[in-house]
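In the UniProt record's numbering, the protein residues as written are 1 to 161.
This is the structure in structure tokens:
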């Protein structure tokens with residue numbers, strides 16, 4: 001099973017200047033819980049936004065750069081299709097960004113786990129629109145802002161309908 005996982009604002013903003021737009025510890029915790037022990041597929045820019053590879057995950061990095069040098073243990077491929085071929089068929093794998101990779105993956109994934117951050121924010125990278133005629137909402141959990149979270153947010157899970 002292939003799942004998109006993302007955090008996007010009300011206007012589908014994902015990031016700006018290759019940086020996240022918010023700090024939401026509960027979202028990070030959920031991301032870690034869901035993706036640990038699994039393959040994670042990402043574009044090169046998303047990978048380069050991390051200080052180092054994320055622990056306990058197999059990284060597949062999509063790039064058009066033929067000579068891209070990734071750290072040991074990371075896999076480099078030229079396309080989403082090649083990335084999908086490398087993921088074990090019997091377990092869940094996650095597409096973790098960025099915007100261009102999400103757009104490519106939207107038609108082939110089985111599930112979308114999105115944290116909807118309840119704000120409108122300036123960005124240069126955006127999440128694709130979720131067509132609710134093709135996707136069914138199966139889980140929703142609202143979290144109000146608090147001392148650790150500057151914004152209200154909702155965990156949403158969609159499956160292909």
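Note that the Cβ used here is the ideal one computed from N, Cα and C, for glycine as well.
Contact between residue 3 and residue 92 holds: CB atoms are separated by about 6 Å, below the 8 Å threshold. Residue 59 counts as buried, since at least 16 other C-beta atoms from the protein chains shown sit within 10 angstroms of its C-beta. Inter-residue distance for residue 34 and residue 120 is about 26 Å (C-alpha atoms, whole angstroms). The C-beta distance from residue 115 to residue 153 rounds to 5 Å, short enough to fall under 8 Å. Looking from the CA of residue 150, the closest CA among 22, 13 and 5 belongs to 22.
Secondary structure note for residue 102: it is in no beta strand (DSSP E), and the uninterrupted alpha helix (DSSP H) holding it is 99-105. According to DSSP, residue pairing for residue 117 in a beta bridge involves 9 and 153. According to the DSSP secondary-structure assignment, residue 58 is paired through a beta bridge with 39.
Within the model, the alpha-carbon separation for residue 141 versus residue 67 is close to 43 Å. Inter-residue distance for residue 16 and residue 88 is about 32 Å (C-alpha atoms, whole angstroms). Less than 9 Å separates the beta-carbon of residue 123 from that of residue 9.
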